[in-house]
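Student: Pasting a structure below so you can have a look.
There are 2 protein chains.
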Amino acid sequence: MNIVSLEETPSLKRSIDQGTGTQREAVTGILQQVKERGDEAVQEYTQQFDKVTIADPRVTEEELSEAEAAVGEETRTVIREAIENIRDFHERQRQETWITTKEDGTILGQKITPLDAAGVYVPGGRAAYPSSIIMNVIPAQVAGVERIVMVSPPQENGKLEDIVLFTAKELGVKEIYKIGGAQAVAALTYGTKTIDPVDKITGPGNIFVALAKQLVYGTVDIDMIAGPSEVVVLADESGHGDYIAADLLSQAEHDPMSSAILVTTSRELAEETAVEVKEQLQTLPKKEIAEAAIRDHSTIYVADTLAQAIAAVNELAPEHLELHTAKPWDIVSKIKHAGAIFLGENSSEPIGDYFAGPNHVLPTNGTARFSSPLNVEDFTKKSSIISYSEQALRENGGKIAAFARLENLEAHARAIDIRLEKGAGHGKTTGS
Amino acid sequence: MNIVSLEETPSLKRSIDQGTGTQREAVTGILQQVKERGDEAVQEYTQQFDKVTIADPRVTEEELSEAEAAVGEETRTVIREAIENIRDFHERQRQETWITTKEDGTILGQKITPLDAAGVYVPGGRAAYPSSIIMNVIPAQVAGVERIVMVSPPQENGKLEDIVLFTAKELGVKEIYKIGGAQAVAALTYGTKTIDPVDKITGPGNIFVALAKQLVYGTVDIDMIAGPSEVVVLADESGHGDYIAADLLSQAEHDPMSSAILVTTSRELAEETAVEVKEQLQTLPKKEIAEAAIRDHSTIYVADTLAQAIAAVNELAPEHLELHTAKPWDIVSKIKHAGAIFLGENSSEPIGDYFAGPNHVLPTNGTARFSSPLNVEDFTKKSSIISYSEQALRENGGKIAAFARLENLEAHARAIDIRLEKGAGHGKTTGS
Chain P
1 MNIVSLEETP
11 SLKRSIDQGT
21 GTQREAVTGI
31 LQQVKERGDE
41 AVQEYTQQFD
51 KVTIADPRVT
61 EEELSEAEAA
71 VGEETRTVIR
81 EAIENIRDFH
91 ERQRQETWIT
101 TKEDGTILGQ
111 KITPLDAAGV
121 YVPGGRAAYP
131 SSIIMNVIPA
141 QVAGVERIVM
151 VSPPQENGKL
161 EDIVLFTAKE
171 LGVKEIYKIG
181 GAQAVAALTY
191 GTKTIDPVDK
201 ITGPGNIFVA
211 LAKQLVYGTV
221 DIDMIAGPSE
231 VVVLADESGH
241 GDYIAADLLS
251 QAEHDPMSSA
261 ILVTTSRELA
271 EETAVEVKEQ
281 LQTLPKKEIA
291 EAAIRDHSTI
301 YVADTLAQAI
311 AAVNELAPEH
321 LELHTAKPWD
331 IVSKIKHAGA
341 IFLGENSSEP
351 IGDYFAGPNH
361 VLPTNGTARF
371 SSPLNVEDFT
381 KKSSIISYSE
391 QALRENGGKI
401 AAFARLENLE
411 AHARAIDIRL
421 EKGAGHGKTT
431 GS
Chain H
1 MNIVSLEETP
11 SLKRSIDQGT
21 GTQREAVTGI
31 LQQVKERGDE
41 AVQEYTQQFD
51 KVTIADPRVT
61 EEELSEAEAA
71 VGEETRTVIR
81 EAIENIRDFH
91 ERQRQETWIT
101 TKEDGTILGQ
111 KITPLDAAGV
121 YVPGGRAAYP
131 SSIIMNVIPA
141 QVAGVERIVM
151 VSPPQENGKL
161 EDIVLFTAKE
171 LGVKEIYKIG
181 GAQAVAALTY
191 GTKTIDPVDK
201 ITGPGNIFVA
211 LAKQLVYGTV
221 DIDMIAGPSE
231 VVVLADESGH
241 GDYIAADLLS
251 QAEHDPMSSA
261 ILVTTSRELA
271 EETAVEVKEQ
281 LQTLPKKEIA
291 EAAIRDHSTI
301 YVADTLAQAI
311 AAVNELAPEH
321 LELHTAKPWD
331 IVSKIKHAGA
341 IFLGENSSEP
351 IGDYFAGPNH
361 VLPTNGTARF
371 SSPLNVEDFT
381 KKSSIISYSE
391 QALRENGGKI
401 AAFARLENLE
411 AHARAIDIRL
421 EKGAGHGKTT
431 GS
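Chains as they are written, first to last, in the UniProt record's numbering: chain P, 1 to 432; chain H, 1 to 432.
Here's what the structure looks like:
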C-alpha cells in the first residue's frame, strides 16, 4: 500500500457512474412504459431482465413462512438482535411537534408528520443484504410511516432469497413485490393496478436503479445516490497496524472503486499497516476486488502533527472515520465532516454496518460536508403552524402591509388592509 | 372564478419550467468557463448579462453604510422587527448533539455540525425581495454556519439595491458579491481567486439560476427548485368571502402560473368569494398576472362534507393552507400535507411571508407530501458516533462476524475476528 507524506490536501472524490447515454435512454423508456401500461409493462421487463414470468408479484404469507423456516437459528438470533439495537438507536431520533404561544394570543409551531408511504429497494442477485433492509426499513417505521413497501428482483425460480423474506418478516414488512430494476422504481413512483405509489424511494441498486431514482426525483423523494464506499482511519503511534489493515480491507472488499485511507502521525505504524494489508490480502475470498481498491483508490498518509492529520480528515469528509488514537474523545469535537465516527480500536467499522445501532446508509464521496446518515427525519416532513391573533394583527398589520408594498406586492398588502378595516365587526364570526 | 363541485381528486401539479435545450447548454458552458477561468469568466458574463463592468465584485463597507442611510426609518423598523421574529422562531428549531451510554461501556450518539459555508442567491432586477434574504440567511445563521456569502446581480450602475444591502447589513452578512446568474452559482460551487467555494446554495432565481443549481447539485447541496407559488383555502360557512378573495389574489399576483384554490362546504361562500375575487381584481396593479393565474390555475371546489374537503386538501398538498373554519384547531391534526398551515381568518398568508416567524421558503407543486419548509436543519448535518467497548465486542463480536459472513463479506468478519483473537493482550494499549 502506498505511503506518502501528507502535503497537498487529499481528496476522496471519485466520479460516480452516471450511466451511458444508452442506459439513460433505456431507463427513460422503462419509466414511460410502466407509467402508461402499468403491471403489464412491469411483467414484460421482469421476463426480459429477470428471465422469469411472475403472474402476481405480491409475496404471499406462505412464502414468508417458508423463508422463516428455511433460515437457521443462529442467523435468526443475530438478525433479531441487530434489529433491536438499530430500532433502539433510531427511536432516539424521533422529533416531536411543538408550538410556542405569545401573550397577544398568537400561536406558532412546527408540526412533524410521517410520510404516507415509503418504498425500499432491495437488490437481488448473488449477495443478499439483510442489513440494508434493516437500515432502510427501521427509520421509516420509527418515523411512523404507515405503508412500507419492499421491492426486490426475483430469482429465476420466481422467488426471493429466504434471508431477504425472513428479515422483512422480522421487521413486520407486509407489502413485498417480486419486481426489480428501473421497472420497480417506476411502479413505486407512478403506481400500477396492483401497486399503489409511494412518496419516497430508498435503498441501493445497480446503475439502472440509480438512474431511475435520479429521473423520478421530484415526483417522489429519494435517498442520496451513493458512491463507492470509503473508510478513513486516523491513527497515532498507539494504533495497531493489524487491526487497521483489517478494517481498511473490509472497505476494500466492497468494490474495486472503494477507498481505504490511513492518515497517521506515525511512520512506523504506516509501514506496519502496509505490511499487514499485503499479508491479510492474500487469503481474502474477494482478493481481486480488494487488491484493485487498495491499488487504485487507497493511500497511507503520514502527517507531521495530529492537527495536520485532523485537517486532512476534514478535507476528506469520509463516509466512515475510525479514530485509532490514544484519546479519541479529545478529537471528536474537531471532526467537522464524517458520516460515522468510530472511536477507539474496538470500534471496527463492521460493528456499525450490522449491529451497533446507527444507520449504515451514509454520505459518500465527500458529501458528508453537507449530508447526513439516513435517519428518522428523512421519513417525516414539517409543516409550519401560524395562528395569528386579532390583537397581533391590529398591532403588526400596518408593518406587514408596508413590507409587502416594499416588494411591490400590493395584493399582499390589501389582504392585511381589508382585515384592519373590517376587523372584529365583520359579519359572521369565526373561531380563529 | 370557476366554481365546481368536488368530485374527482384535484391536483396542484403544474409542470415546472425545466428550461430549453439551448438554455441548458448555455448554463453548462457558463459553469465550465467559470470552473476553468474563475473571476475572469465571471466578469465577462457580468458584462454580457448585466451590462456593467465590475472590477472587484465584493461589496464594500462604504456601500453598506450608504445603503443604510438611503433606507427610510419606517422600512428599517419593519425589517428589524421581522428579523427579530423570524430569528426567534428558528432558534427553536436548533437540534443538539446527543449520546447514549450502555452498561457495557458502549457509547452511541448523533453529532450535529453546522455546514462550513452557505451561499444565498438574491435575485436582482425590478423587484428586490428583502424577505427572501431574511428567510434564507437566518436558518443558516441559527444553525451556526460560520461563513455566509450573498450574491446578487448588479444593476447597470454597478450597485446593488439599497434595500438588499441594508437587509444584509442588518442580518450581519459581511461577504457580499455583485454577481448573479449561472456564473454566480458556478463561483459559489467551484470557487475563484476572490470567492471561496460554499457547501450549500439556496435562494430563488430565474431559469438560468435554477438550471445551474440543478447541475451543481451533488458537488454542493441546494434547496429545492421551487415551482410557482400556491395557496389553498379550506373554509366552512363561517368564512368571509372578501378575506378569502384577498388572500387568493395575494397568491395570484405572484405569477401567471400561481394557483389559488378554495375548497369549501358552503356553496354560498363559494359564490360570495367568486364575486369578491372579480371585484378586487379590477384595481390591482398586477391585474394581468393575477387574472391569468385565477383563470388558468385557480378553482373553487364545493364539497359535501368537511371530511371530503379535508381529503381534497391532503390530495393537493399545498404550499400554503389557510383554514377559515369555525374551529381550525380541530382540523390541524387531520392535515397531512402542507408547507405552512394558517389557522383562522386573521392568519392571512402574507403574515407568514414577511413577519410571523416561520420560514416562507416552502415546498410547492405537491412536494409537501415529502418536503419541509426551509429550516435550521437544512444547514447542519449529522455524524453518527460509535464507541464500542471491549466488553461489548467480546459479547457481540461473534454475532457481528456471523452477520458479515451472511453477506459474504469475509474481510468484514475478519476485522472482528482479529480483535477477538488478540483482544486486550494486544501489544500497545490505546485509550479507546
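Idealized CB from N, CA, C, for every residue including glycine.
Step through the CB atoms of chain H and report whether any lies within less than 9 Å of the CB of P/F370.
Tutor: Walking along the first sequence from the start, residue 370 of chain P turns up at place 370. Output row for P/F370: interface = yes.
Student: Compare the beta carbon distance of H/V120 and H/V151 with 9 Å and say whether it is the shorter of the two.
Tutor: Looking up residue 120 of chain H in the second sequence gives position 120. Looking up residue 151 of chain H in the second sequence gives position 151. In contact: H/V120 and H/V151 (Cβ atoms closer than 9 Å).
Student: If the cut is a Cβ gap below 7 Å, which residues of chain P does H/H412 touch?
Tutor: As a first step, residue 412 of chain H is located in the second sequence; it is residue number 412 there, counting from the start. Going along chain P in sequence order, the residues near H/H412 (Cβ under 7 Å) are S250, P350, D353.
Student: State the DSSP-derived secondary structure class of P/V244, mapped to helix, strand or coil.
Tutor: Along the first sequence, read from residue 1 onward, the residue named residue 244 of chain P stands at position 244. Here the sequence assigns Ile to residue 244 of chain P, which means Val is not the residue at that position. Helix.
Student: Does the contact criterion of 3 or more C-beta pairs under 8 Å hold for the region 387-396 of chain P versus the region 90-106 of chain P?
Tutor: yes
Student: Are the Cβ atoms of H/S383 and P/I341 separated by less than 9 Å?
Tutor: The count along the second sequence starts at 1 and reaches residue 383 of chain H at position 383. The count along the first sequence starts at 1 and reaches residue 341 of chain P at position 341. A distance below 9 Å separates the beta carbons of H/S383 and P/I341.
Student: Is there at least one Cβ from chain H nearer than 9 Å to P/L234's Cβ?
Tutor: Reading the first sequence from its first residue, position 234 is the one you call residue 234 of chain P. No - not a single Cβ of chain H is within 9 Å of the one on P/L234.
Student: With a cut-off of 8 Å on the beta carbons, I'd call H/V34 and H/A210 a contact; round off their distance for me.
Tutor: Translated into the one-based positions of the second sequence, residue 34 of chain H becomes position 34. Translated into the one-based positions of the second sequence, residue 210 of chain H becomes position 210. Actually they are not in contact, since the Cβ atoms of H/V34 and H/A210 sit about 17 Å apart, beyond 8 Å.
Student: Go to H/P57, then tell me how far its alpha helix (DSSP H) extends in each direction, as first and last residue.
Tutor: Within the second sequence, residue 57 of chain H is the residue found at index 57, counting from 1. Taken as a continuous stretch (DSSP letters only), H/P57 belongs to no alpha helix (DSSP H), as it is neither H nor E.
Student: Tell me whether the beta-carbon of P/G158 lies closer than 9 Å to the beta-carbon of P/F49.
Tutor: By 1-based counting over the first sequence, the position of residue 158 of chain P is 158. By 1-based counting over the first sequence, the position of residue 49 of chain P is 49. Between P/G158 and P/F49, the gap from beta carbon to beta carbon reaches 9 Å or more.
Student: Check the DSSP bridge columns for P/Q110 and list the partner residues they point to.
Tutor: Here residue 110 of chain P corresponds to residue number 110 of the first sequence, with the count starting at 1. Beta-bridge pairing links P/Q110 to P/W98, P/S384.
Student: Whether or not the region 231-250 of chain H and the region 307-327 of chain H are in contact is what I'm after, with contact meaning three or more pairs of Cβ atoms, one per stretch, closer than 8 Å; do they touch?
Tutor: yes
Student: Cα separation between H/I331 and H/H320?
Tutor: The residue labelled residue 331 of chain H in the question sits at position 331 within the second sequence. The residue labelled residue 320 of chain H in the question sits at position 320 within the second sequence. Whole-angstrom Cα-Cα distance: 15 Å.
Student: Apart from the five residues on each side of it in sequence, which residues of its chain come closer than 7 Å, Cβ to Cβ, to P/P197?
Tutor: To locate residue 197 of chain P, count along the first sequence from 1; it is residue 197. Only L188, T189, Y190, G191 meet the Cβ criterion.
Student: Report the option in H/L6, H/M1, H/N2 whose CA atom is closest to the CA atom of H/D304.
Tutor: Walking along the second sequence from the start, residue 304 of chain H turns up at place 304. Closest in alpha carbon position to H/D304, among H/L6, H/M1, H/N2, is H/L6.
Student: Can you grab the Cα-Cα spacing for the pair P/P318 / H/A415, in whole Å?
Tutor: Translated into the one-based positions of the first sequence, residue 318 of chain P becomes position 318. Translated into the one-based positions of the second sequence, residue 415 of chain H becomes position 415. Straight-line Cα distance between these residues: approximately 19 Å.
Student: Can you tell me which of the three DSSP states H/T75 falls into?
Tutor: By 1-based counting over the second sequence, the position of residue 75 of chain H is 75. It is helical.
Student: At 9 Å on the CB atoms, spell out the chain H contacts of P/P358, in chain order.
Tutor: For this step, residue 358 of chain P is matched to residue 358 along the first sequence. In chain order: L108, G109, Q110, S384, I385, I386.
Student: Where P/V164 and P/T46 are concerned, what is the direct C-alpha to C-alpha distance, given to the nearest angstrom?
Tutor: As a first step, residue 164 of chain P is located in the first sequence; it is residue number 164 there, counting from the start. As a first step, residue 46 of chain P is located in the first sequence; it is residue number 46 there, counting from the start. C-alpha separation (whole angstroms): 19 Å.
Student: With 8 Å as the C-beta to C-beta threshold (strictly closer), list the residues of the region 113-137 of chain P near chain H in chain order.
Tutor: T113, L115, D116, R126, A127, A128, Y129, P130, S131
Student: Report the neighbours of H/E390 on chain P: residues whose CB is nearer than 8 Å to its CB, in chain order.
Tutor: Taking the second sequence and counting its residues from 1, the one referred to as residue 390 of chain H is at position 390. By Cβ distance, chain P contributes N346.
Student: Would the beta-carbon of H/P114 fall within 9 Å of that of H/F403?
Tutor: Here the question's residue 114 of chain H lines up with position 114 in the second sequence. Here the question's residue 403 of chain H lines up with position 403 in the second sequence. No. Outside cutoff.
Student: Measuring CB atoms only, is the region 140-147 of chain H touching the region 360-375 of chain P, in the sense that at least three cross pairs come out at less than 8 Å?
Tutor: The answer is no - the region 360-375 of chain P does not touch the region 140-147 of chain H, with fewer than three Cβ pairs under 8 Å.
Student: In this structure, does DSSP put P/Y129 in helix, strand or coil?
Tutor: The residue given as residue 129 of chain P occupies position 129 in the first sequence. Here P/Y129 sits in coil by DSSP.
Student: Is it the case that the Cβ atoms of H/I261 and H/V232 are separated by a distance below 9 Å?
Tutor: On the second sequence, residue 261 of chain H is found 261 positions in, with the first residue counted as 1. On the second sequence, residue 232 of chain H is found 232 positions in, with the first residue counted as 1. Between H/I261 and H/V232, the C-beta spacing is below 9 Å.
Student: From the DSSP output, read off the bridge partner residues of H/S372.
Tutor: Taking the first residue of the second sequence as 1, we reach residue 372 of chain H at position 372. Paired residue(s): none; H/S372 is not in a bridge.
Student: Could you tell me which chain P residues have their CB closer than 9 Å to the CB of H/V145, listed as they occur along the chain?
Tutor: Here residue 145 of chain H refers to the residue found at position 145 when the second sequence is read from its first residue. In chain order: nothing, as chain P lies at least about 11 Å away.
Student: Could you check which residue in H/E288, H/E230, H/Q282 has the C-alpha nearest to that of H/S11?
Tutor: Locating residue 11 of chain H in the second sequence gives position 11, where the first residue counts as 1. Comparing Cα positions, the closest option is H/E230.
Student: Consult DSSP for H/H412 and reduce its assignment to one of helix, strand or coil.
Tutor: On the second sequence, position 412 is the one that residue 412 of chain H refers to. In the structure shown, H/H412 sits in a helix (DSSP, three-state: H, G or I).
Student: Is it true that the region 270-290 of chain H meets the region 243-260 of chain H, where meeting means three or more beta-carbon pairs spaced less than 8 Å apart?
Tutor: Between the region 270-290 of chain H and the region 243-260 of chain H, the count of Cβ pairs shorter than 8 Å is three or higher; the stretches touch.
Student: Would you say H/D223 faces chain P, with C-beta separation under 9 Å as the test?
Tutor: Taking the second sequence and counting its residues from 1, the one referred to as residue 223 of chain H is at position 223. False, the Cβ-Cβ gap to chain P never drops below 9 Å.
Student: Say whether chain P places a C-beta atom closer than 9 Å to the C-beta of H/Q280.
Tutor: Locating residue 280 of chain H in the second sequence gives position 280, counting from the first residue. Output row for H/Q280: interface = yes.
Student: Report yes or no: is there a C-beta of chain P within less than 9 Å of the C-beta of H/P328?
Tutor: To locate residue 328 of chain H, count along the second sequence from 1; it is residue 328. At a cut-off of 9 Å between C-beta atoms, H/P328 counts as an interface residue with respect to chain P.
Student: Please report the residue range of the alpha helix (DSSP H) in which P/E395 lies.
Tutor: Locating residue 395 of chain P in the first sequence gives position 395, where the first residue counts as 1. Its alpha helix (DSSP H) spans residues 390-406.
Student: Output yes if chain P places a C-beta closer than 9 Å to the C-beta of H/G431; else output no.
Tutor: In the second sequence, residue 431 of chain H corresponds to position 431, counting from 1. Its pLDDT being 42, under 50, H/G431 is placed unreliably in this model, and the coordinates cannot settle the point.
Student: When you compare only the Cα positions, how much space is there between P/D39 and P/G19?
Tutor: Here the question's residue 39 of chain P lines up with position 39 in the first sequence. Here the question's residue 19 of chain P lines up with position 19 in the first sequence. Computed Cα separation, rounded: 26 Å.
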